[in-house]
Amino acid sequence: MRTYIILFVCLALLLSGCGIFATKPVQTESSTTSVDPIKKLQADIDAVLQDTLFTTASIGIKVVAVETGEVIYGKNTRKLHHPASTTKLFTAATALAKLGADYRFETTVYIDTDANAEIVNNVYLKGKADPVLQHDELVKLADALLQTGVQSIQGNIVIDETYLDRVPEGPGWMWDDRPLIISALSIREIEPDTNTWNRAYACGHLLKTALMERGVSVVGEVVSGAVPSDAQVVAKHLSPPLADILKLMNKPSDNWIAELVFKTIGAEVVGEPGTWQKGRQVVTEFLSEIMGDTPLHRFVDGSGLSRYNLLNAELLTELLVYMYQNFELMPEYLASLPIAGVDGTLKNRMQGVYAEKVLRAKTGTLSGVSALAGYTITADDEVFAFGILISHYVGSPALARGIQDKIGDYLTGFSRRPEKTK
1187 MRTYIILFVC LALLLSGCGI FATKPVQTES STTSVDPIKK LQADIDAVLQ DTLFTTASIG
1247 IKVVAVETGE VIYGKNTRKL HHPASTTKLF TAATALAKLG ADYRFETTVY IDTDANAEIV
1307 NNVYLKGKAD PVLQHDELVK LADALLQTGV QSIQGNIVID ETYLDRVPEG PGWMWDDRPL
1367 IISALSIREI EPDTNTWNRA YACGHLLKTA LMERGVSVVG EVVSGAVPSD AQVVAKHLSP
1427 PLADILKLMN KPSDNWIAEL VFKTIGAEVV GEPGTWQKGR QVVTEFLSEI MGDTPLHRFV
1487 DGSGLSRYNL LNAELLTELL VYMYQNFELM PEYLASLPIA GVDGTLKNRM QGVYAEKVLR
1547 AKTGTLSGVS ALAGYTITAD DEVFAFGILI SHYVGSPALA RGIQDKIGDY LTGFSRRPEK
1607 TK
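Whatever position you read off the sequence shown (first residue = 1), add 1186 for this note's numbering.
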């Protein structure tokens, strides 16, 4: 019996070797692991922040999904930094909310009420902080005055700057920023360029010259003063709408425009004359209205020139999310921002990458400070708001900008679709 059992076992082993009783091998797919897209994005940004720049420099960064409020990435989000020109994001937002996209700045010519058709005493030129007033507009005002029949001005050309205070320089500005003199009556370009600090007097002289060239006799001089309450309006120039002016402010990062808008906010909301203190009051109150308990911050001007300005990535992204979700304000606000690889201060940045023609953001630069804050659209058509503040570095701004550009490109190329790895 034992002999038969042994023979059966041997036969079974032999047949299995021939494949008759062989077990069919199990077919298995190559093992794969899904990579969490958010964690990968965070790891990619972490890797960028290992740059040797941050051996001494500091950074605050926050990225938020606009629709849901999900925090995509955050590092030192409440650390205070000098915002530089990302301050203009707050100036623009407050101006749109408080003044409206269609607000226009006025420059007006008056004459004394006792004037007859041909002879007037004084002519008054009052500015209300038009940041884009040009020589041609002053010539048109002269033409409008001429059309009233005036042939002789027996008094003076009186320039009225009382819409804003007479403090020409912002708090905390460095000495080499002094040529940026802020006045309610200003003209940006003067030919020939006299480098004069008193642009209001320059406006008065341009008006006087235009009148004299048209045959009007002007006996008096250009003097400073105020328009009498009973003076008669004879001509008025209106600036382009605020929405257009904000493009001229944000895309090239124009400090002149920003400060005039900032003081105008104060004049219109709190009352004349407009001051830096009143502008700051309105911006601070606006942030309290939209955020409630606002992150710690300090604003003293509208352009970001001042070293006294302080804010963090938390505040930047909260503002950006609010503005994007406010459908009344968002179109003009978004349109004012530079586009990566296309225009403004981002024209030569992020070219040939995902972010090109997609990312819109405000830049900011001071010595040792570089900032970038705005929006981008991901590969899934999701909108991210971000704020990146880099401070306390020594060297070319290109060092910090390169880091910001890498992060901006990672955000734009991001997709929530999981990646597969073997």
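Where a beta carbon is used, it is the ideal one built from N, C-alpha and C, also for glycine.
DSSP, reduced to helix, strand and coil, places Lys1437 outside both helices and strands of the structure shown, so it counts as coil. Taking C-beta separations shorter than 8 Å and ignoring five residues to either side along the sequence, the partners of Pro1427 in its chain run Ala1287, Asp1288, Tyr1289 and Arg1290, following chain order. Taking the Cα positions, Thr1562 is about 19 Å away from Ala1586. Per DSSP, the unbroken beta strand (DSSP E) holding Val1295 starts and ends at Glu1292 to Ile1297. The Cβ atoms of Thr1598 and Lys1248 do not sit closer than 8 Å to each other. Counting only runs of at least 4 residues, the region 1494-1526 fully encloses the following alpha helix (DSSP H) elements, listed from N- to C-terminal order: 1499-1511 and 1516-1521.
About 6 Å separates the CB atoms of Ile1593 and Ile1231; that is less than 8 Å, so the two are in contact.
In the DSSP assignment, Val1420 falls within the unbroken beta strand (DSSP E) covering Gln1418 to Leu1424. In the DSSP assignment, Glu1605 is bridged to Val1221. Put simply, the region 1488-1506 touches the region 1554-1561. At least three CB pairs are less than 8 Å apart.
Taking C-beta atoms as the reference points, Val1295 and Val1336 fail to come closer than 8 Å. With 16 or more other Cβ atoms from the protein chains shown falling within 10 Å of its own Cβ, Thr1280 counts as buried. By the Cβ-count criterion, Trp1361 is exposed, with fewer than 16 other Cβ atoms from all chains shown falling within 10 Å of its own Cβ. When Tyr1259, Gln1340, Arg1352 and Val1447 are compared, the shortest CA-CA separation from Ala1283 is found for Val1447. Distances from the alpha-carbon of Glu1292 to those of Pro1583, Thr1272, Val1468 and His1423 put His1423 closest. The beta carbon of Tyr1510 sits closer than 7 Å to those of Val1252, Met1516, Tyr1561, Val1569 and Ala1571, all from its chain and outside the five residues before and after it, given in chain order. Note on Thr1263: 16 or more other CB atoms within 10 angstroms of its CB, so buried under the neighbour-count rule.
Of Asp1346, Ser1522, Val1309 and Val1469, the smallest CA-CA separation from Thr1277 is found for Val1469. The region 1314-1323 and the region 1405-1419 do not touch, with fewer than three beta-carbon pairs separated by less than 8 Å. When rounded, the separation of the alpha-carbon atoms in Asp1529 and Lys1437 is 7 Å. In the structure shown, the three-state DSSP call for Val1306 is strand. Cβ-Cβ separation between Leu1311 and Gly1255: approximately 50 Å, too far for a contact (criterion under 8 Å).
Contact annotation: Arg1602 and Pro1357 have beta-carbon atoms that are not nearer than 8 Å. In this structure Glu1375 is exposed. Its beta-carbon is surrounded by fewer than 16 other beta-carbon atoms within 10 angstroms.
Ranked by how close their Cα comes to the Cα of Leu1482, the residues Glu1471, Gln1467, Glu1475 and Glu1500 have Glu1500 in first place. If you look at Gly1588, you'll find it in the alpha helix (DSSP H) that goes Pro1583 to Gly1599.
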